[in-house]
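Q: No gaps in the numbering here: position 55 of the sequence shown is 285 in the numbering used here, and each next residue is one more.
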Amino acid sequence: DCIQFYFDSMSKDTIAQGAVLHFELVPAQLRCRNCSTIFKPQDTLWSCPKCEGQSVEISKGRELYIESMEVE
C-alpha cells in the first residue's frame, strides 16, 4: 500500500499517472547468526528454533523486483 501511495504521488501529471502496481509478497525468512539455521519467524518471536539464539538476520522477504512492465 505504501509503495502504491508514493508511486501515485510521484506519477501525478506524468504518463504513468493511473498505472496500477501489482505485488507478490515474499514471506520473511531468517538466518541465525550463531548456528546458521534458516527458519521462518513465528509471530513476533524471532529466536532461533534450534539454538534459541536471538541474533538473527532477514535472509528473504526484503527484496523488491520488477517482474514485468507493460507500456503502451
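By construction, the Cβ of each residue, glycine as well, lies at the ideal position given by its N, Cα and C atoms.
Can you tell me whether residue 245 is helix, strand or coil according to DSSP?
A: Residue state, collapsed to three classes: coil.
Q: Taking the continuous beta strand (DSSP E) assigned at residue 289, which residues delimit it?
A: Taken as a continuous stretch (DSSP letters only), the beta strand (DSSP E) holding residue 289 covers 286–290.
Q: For residue 269, name the three-state secondary structure that DSSP assigns.
A: Looking at residue 269 - three-state DSSP - the assignment turns out to be strand.
Q: Leaving out five residues before and five after residue 251 in sequence, what residues of the same chain have Cβ atoms less than 8 Å from its Cβ?
A: Only 233, 234 and 237 meet the Cβ criterion.
Q: Rounded to the nearest angstrom, what separates residue 296 and residue 245 at their Cα positions?
A: Between residue 296 and residue 245, the C-alpha separation is close to 18 Å.
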